[in-house]
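Chemist:
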Amino acid sequence: MPPSSQCFKGFILLALFTSIVTCAKAQPYYALYDSANRHRVDAYLQILVDETAALKHTDILKDEVQKKFVNSKGDLKFGYTKATIWLKLAIKKTSSEAQWLVELPAPFLEFVD
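Residue numbers (this note's numbering): -2 to 110.
1) With DSSP run on the structure shown, which of helix, strand or coil describes residue 47?
2) Taking the straight line between their C-alpha atoms, what separation do you get for residue 34 and residue 54?
3) Please report the residue range of the beta strand (DSSP E) in which residue 91 lies.
4) Can you tell me the Cβ-Cβ gap for residue 114 and residue 90, rounded? I've got them flagged as a contact below 8 Å.
5) Does DSSP classify residue 40 as helix, strand or coil?
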């Protein structure tokens, strides 16, 4: 399996897991409705910039690291950076749709982990 597929699956798992976990900071939930084909979640994300690029998936789930996430201002432009950008999204399912797809329409991304 290509690394990008594994990374994308990791992102989806992290997004789904964080929708279940209660965080120390109040993060607004994004409600998924059947009536919309596309959902913009920029303003509902929480962001952690890991300048050292040393954090792993298991580290991100620790309480002390969870507290470092900050609410997004809706602008996800980070420029060129060697830092690892972690995104967290709390989802509340309000629809009958069984599956949803997370897409990052950013062709300039070199690597998604």
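A virtual CB, placed ideally from N, CA and C, is assigned to each residue, including glycine.
Modeler: Let me spell this out:
1) Three-state DSSP puts residue 47 in a strand.
2) Straight-line Cα distance between these residues: approximately 30 Å.
3) For residue 91, there is no enclosing beta strand (DSSP E), as DSSP gives it neither H nor E.
4) Because the chain here runs from -2 to 110, residue 114 falls outside it and cannot be looked at.
5) Looking at residue 40 - three-state DSSP - the assignment turns out to be helix.
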